[in-house]
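Just so we're aligned: the sequence shown equals residues 0 to 120 in numbering that gives the first Met the number 0. Backbone N, C-alpha and C fix where the C-beta goes; we use that ideal spot for every residue, glycine too. Computed from a predicted structure; not experimentally measured. A short worksheet on the structure shown next.
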Amino acid sequence: MIPPRHAGTFETLAERVLQAVEQVPTGSVVSYGDVAGIVGTTPRIVGSVMSQYGSGVAWWRVTNRDGQLPAHLLEEARRHWAEEGIAAGEGGCRIRQHRADLDEVAARYEDAIAALGLEPA
Numbered sequence: 000m001i002p003p004r005h006a007g008t009f010e011t012l013a014e015r016v017l018q019a020v021e022q023v024p025t026g027s028v029v030s031y032g033d034v035a036g037i038v039g040t041t042p043r044i045v046g047s048v049m050s051q052y053g054s055g056v057a058w059w060r061v062t063n064r065d066g067q068l069p070a071h072l073l074e075e076a077r078r079h080w081a082e083e084g085i086a087a088g089e090g091g092c093r094i095r096q097h098r099a100d101l102d103e104v105a106a107r108y109e110d111a112i113a114a115l116g117l118e119p120a
């Protein structure tokens, strides 16, 4: 995790994204767009945050809308998916089969950011 900073900064937005990712349950997957909807940003920003700061969270649980990740991450992601019982296909995981309950993730996210003293987006 990166330390929380002043509201409105990229670091604060990154903290929000990472907090949302941490709420995705084991064995579940969400898309960059799902996280963006919860946090109040764009899928592109979520991808940027994940590429810069995501190594400390369960990054393999966040894919594109088709369940795919960049090729250089697939081998490691497949190991994590197998450990968590997430079915994978040729190009990625089966996101439709393993998508997290987004209302549950959003509620857990709101609790997590409140505990950090951050305002909802």
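**OP:** Quick one: residues in its chain with C-beta nearer than 8 Å to the C-beta of Leu101, no 5 flanking neighbours on either side, listed in chain order?
**Re:** Contacts found: Val29, Asp33, Gly36, Ile37.
Original post:
Between Val45 and Val16, is the Cβ-Cβ spacing less than 7 Å?
Top reply: yes
**OP:** Decide if Gly26 is buried, meaning its Cβ has at least 16 other Cβ atoms within 10 Å, or exposed.
**Re:** exposed
Original post:
At what residue ranges does the region 21–76 contain a whole run of the alpha helix (DSSP H), taking only runs of 4 or more?
Top reply: 31–38, 42–52
Original post:
Taking Cβ to Cβ, would you say Glu21 is nearer than 7 Å to Val56?
Top reply: yes
Original post:
How would you label Ala86, buried or exposed, when you count the other beta carbons within 10 angstroms and need 16 or more for buried?
Top reply: exposed
Original post:
In this structure, does DSSP put Ala87 in helix, strand or coil?
Top reply: strand
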